[in-house]
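Residue numbering for the sequence shown follows our numbering, beginning at 185 and increasing consecutively.
Glycine included, C-beta positions come from ideal geometry on N, C-alpha and C.
Quick caveat: nothing in here was measured; it's all calculated off a predicted structure.
Structure record follows, encoded as structure tokens.
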Amino acid sequence: MNTQLIIPAGGFGSRLGKGIPKALVPIAGKPILYWTLKRLLKLEWVAPPIVIAPPVCIDTFHKEVIQKFNLPPCIFVEGGHERQFSVYNGLQHVNEKTEIVVIHDCARPFVPLQCVYDSIEKAKTIGSATVAIPSTNTLLEVDEHLFLKNTPNRKYIYECQTPQTFRKEIIISAHELAKQKGLIFTDDATLVQQMGNNVAIVIGDPINIKITLPFDIGLSEYLLRTIQNDES
185 MNTQLIIPAG GFGSRLGKGI PKALVPIAGK PILYWTLKRL LKLEWVAPPI VIAPPVCIDT
245 FHKEVIQKFN LPPCIFVEGG HERQFSVYNG LQHVNEKTEI VVIHDCARPF VPLQCVYDSI
305 EKAKTIGSAT VAIPSTNTLL EVDEHLFLKN TPNRKYIYEC QTPQTFRKEI IISAHELAKQ
365 KGLIFTDDAT LVQQMGNNVA IVIGDPINIK ITLPFDIGLS EYLLRTIQND ES
């Protein structure tokens with residue numbers, strides 16, 4: 185089935201303390217967006233990837249990532265003030281031939297391609313899928329005063345990753361419905377599930393980290409060296 189990629193890359197990464205869009209933060213001398221695109225462009229897509237960028241940064245993204253490193257063209261779309269609105273904007277630019285939409289965080293440049301394959305295959309049969317890993321930690325639910333309220337059974341707790349992959353008609357109709365209801369969600373799998381659809385879990389990989397904190401920069405450079413050594 186024809187598949188297209190959407191990469192939300194609109195965050196400024198304030199927790200990284202860099203003062204620039206997270207997508208442009210360098211890892212081993214190259215922007216995070218470069219590494220994410222380089223990995224995912226190994227797959228076959230029906231149309232160019234849709235990259236959702238901060239409105240004032242689209243030209244910079246194009247020059248500093250696509251032109252500078254001679255990457256294939258992308259479709260750049262302005263992001264909104266919430267991730268959900270950014271993805272909604274991206275969905276308006278999906279190719280008419282697209283049947284499956286893969287949504288992957290820019291800040292996860294080390295996603296194993298097998299996770300992407302598996303999520304696509306699951307979406308073909310179920311309609312919606314998200315990559316996730318079983319939680320290795322005991323998670324605590326607390327109240328507003330930071331007193332322990334509940335300890336969920338870890339057997340049923342998974343940590344969400346991306347990609348999150350959907351049949352085109354499911355993700356578009358779910359976003360339209362959420363918009364009509366005025367509801368905001370932090371990820372697309374939850375949005376789709378809350379709008380009445382089943383979402384399957386695809387087992388992910390711990391290497392598929394999301395670069396969020398300054399510590400993650402050093403970890404990412406280590407992972408990059410490890411991956412490059414394994415692939416050489």
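Identify the residues that DSSP records as bridge partners of residue 334: which are they?
Bridge partners of residue 334: 325.
Look up residue 266 in the DSSP assignment and say whether it is helix, strand or coil.
Here residue 266 sits in coil by DSSP.
CA-CA distance, residue 416 and residue 309?
At residue 416 the pLDDT is 49, less than 50, meaning the model places this residue with poor confidence; the figure from the coordinates comes in the next sentence. Distance between the alpha carbons of residue 416 and residue 309: 35 Å.
Measuring alpha carbon to alpha carbon, tell me which of 389, 403, 407 and 191 ends up nearest residue 275.
Checked all of 389, 403, 407 and 191; the closest Cα to residue 275 is 191.
Indicate whether residue 289 and residue 386 have their beta-carbon atoms separated by less than 7 Å.
Against a cut-off of 7 Å, the Cβ pair of residue 386 and residue 289 comes out as no contact.
Counting only the same chain and skipping the five closest in sequence on each side, list residues whose C-beta sits under 8 Å from that of residue 378.
Closer than 8 Å at the Cβ level, and outside the excluded window around residue 378, lie 362, 367 and 369.
Measuring from the CB of residue 400, is there a heavy atom of the ligand HEM at a distance below 6 Å?
Absence of the ligand HEM from the depicted structure is noted, as is the absence of any ligand whatsoever, leaving it without description.
Alpha helix (DSSP H) containing residue 358: first to last residue?
Element bounds for residue 358: 352-365.
For residue 229, which residues from the same chain have a beta carbon less than 8 Å from its beta carbon, with the 5 sequence-adjacent residues on both sides left out?
Counting only Cβ-Cβ distances below 8 Å, and skipping sequence neighbours, we find 187, 188 and 189.
Given 8 Å as the limit, is there contact between the stretch 207-226 and the stretch 246-256, that is, 3 or more CB pairs closer than that?
Yes: the two stretches touch, three or more of their Cβ pairs being nearer than 8 Å.
Within 10 angstroms of the Cβ of residue 447, are there 16 or more other Cβ atoms? Answer buried if so, exposed if not.
Absent from the structure is residue 447, since the part of the chain shown begins at 185 and ends at 416.
Decide if residue 193 is buried, meaning its Cβ has at least 16 other Cβ atoms within 10 Å, or exposed.
Buried: at least 16 other Cβ atoms inside 10 Å.
Per DSSP, what kind of secondary structure is residue 405 in: helix, strand or coil?
Reduced to three states, the DSSP call for residue 405 is helix.
Keeping to the same chain, check which residues put their C-beta closer than 7 Å to that of residue 343; ignore five residues upstream and five downstream.
Excluding residues within five positions, the ones whose Cβ falls inside 7 Å are 316, 317 and 319.
For the structure I just gave you, are there three or more beta carbon pairs, one from the stretch 262-271 and one from the stretch 317-337, closer than 8 Å?
These segments do not touch.
State the beta-bridge partners of residue 298 as determined by DSSP.
Answer is none; residue 298 lacks a bridge partner.
Quick one: what does DSSP say residue 241 is sitting in, helix, strand or coil?
Residue 241 falls in the helix class under three-state DSSP.
According to DSSP, simplified to helix, strand and coil, what is residue 273?
Three-state DSSP puts residue 273 in a helix.
Classify residue 410 as helix, strand or coil using the three-state DSSP reduction.
If DSSP states are grouped into helix, strand and coil, residue 410 belongs with the helices.
Any idea what DSSP makes of residue 189, helix, strand or coil?
It is a strand residue.
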